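In our numbering, the protein residues as written are 1 to 254. Even for Gly, the Cβ is constructed at its ideal location relative to N, Cα and C. Note that the coordinates shown come from a computational prediction; the quantities given were computed from them, not determined experimentally.
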């Protein structure tokens, strides 16, 4: 929803999704896929409303739509900050879940490591905000000492691989910039579709160009965000707390 973020595309996906649900047999792959895409479509419509986008800039010119949250075409840096903020929250949530799992499994070392990593990342983010937005002072030095101290704790607990884990977590956060990048590509392609259709010189040719390019953008907007969203969840988020080990759950076994 946040990546595609267009009311026109969202409504189109919702119509197709509802057709997949009602025109197929219940509990089939097509029906289940329709249910998933219908949820995605709703969020695409919501973010499209927040971005003020309806088939790109068409909504602005035809209906006077204005962005509420951010103008992705003009405020690229702000959109990037928003994407990174989501990355910080998502990664920290994964570390918190790992800490909870460590408590349940009574793994003190893992709990302390998760807690130290969580505070270190949070302190690093606050330090960057302070350095870029406010004057350097006592708060900056305090945050630096917190970061150094927590790094030492992580090295003691995890060995020399700890700094690599810190860099990995930072890289995971930066990876969320793809939310902005892929979304911006969709915005620009929609803009090109509207611009070329307007310069076609013939209404029927203009409609054909607009439909063709918007259809292409819609197909890319369905597959690309889906793949990258799955990657962000499985690689950046699940890797913080999910382990492919453990004991099989067999409640009926004697």
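{"Asked": "Best match in 243, 231 and 225 for proximity to residue 37 [C-alpha to C-alpha]", "Found": "225"}
{"Asked": "Where the alpha helix (DSSP H) through residue 77 begins and ends", "Found": "76-104"}
{"Asked": "Length at least 4, wholly inside the stretch 5-79: the alpha helix (DSSP H) runs in chain order", "Found": "7-22, 29-51 and 58-63"}
{"Asked": "Alpha helix (DSSP H) segment containing residue 221, residue limits", "Found": "203-231"}
{"Asked": "Buried versus exposed, by CB contacts within 10 Å (16 or more), residue 83", "Found": "buried"}
{"Asked": "6 Å CB neighbourhood of residue 97 in its chain, flanking five on each side removed", "Found": "241"}
{"Asked": "Delimiting residues of the alpha helix (DSSP H) encompassing residue 183", "Found": "178-198"}
{"Asked": "Spatial neighbours of residue 102 in its chain, beta-carbon cut-off 7 Å, leaving aside the 5 residues before and after", "Found": "110, 111 and 114"}
{"Asked": "Residue 164 versus residue 170 - alpha carbon distance", "Found": "10 Å"}
{"Asked": "Span separating the alpha-carbon of residue 99 from that of residue 210", "Found": "51 Å"}
{"Asked": "Pick from 21, 237, 48 and 25 that is closest to residue 35, judged by C-alpha positions", "Found": "21"}
{"Asked": "Reference residue 7, options 214, 227, 223 and 229, closest by Cα", "Found": "214"}
{"Asked": "Same chain, Cβ closer than 8 Å to residue 31, five either side skipped, listed in chain order", "Found": "20, 21, 24 and 25"}
{"Asked": "Residue burial classification, residue 85 (beta-carbon count within 10 angstroms, cutoff 16)", "Found": "exposed"}
{"Asked": "Assumed close pair residue 29, residue 1 - CB separation to whole angstroms, cut-off 8 Å", "Found": "No, residue 29 and residue 1 are not in contact; Cβ-Cβ is about 22 Å, not under 8 Å."}
{"Asked": "Residue from 55, 41, 93 and 186 whose Cα sits closest to the Cα of residue 233", "Found": "93"}
{"Asked": "Coarse secondary structure for residue 3, derived from DSSP in three states", "Found": "coil"}
{"Asked": "Contact check, residue 56 vs residue 65, beta carbons under 8 Å", "Found": "no"}
{"Asked": "Per-residue burial, residue 198 [other beta carbons within 10 Å of its own, 16 or more giving buried]", "Found": "exposed"}
{"Asked": "DSSP state of residue 241 mapped onto helix, strand, coil", "Found": "coil"}
{"Asked": "Spatial distance of residue 9 from residue 77 (CA atoms)", "Found": "24 Å"}
{"Asked": "Rounded C-alpha distance that separates residue 79 from residue 70", "Found": "7 Å"}
{"Asked": "Helix, strand or coil at residue 172 [DSSP, three-state]", "Found": "helix"}
{"Asked": "Alpha-carbon to alpha-carbon, residue 122 and residue 108", "Found": "21 Å"}
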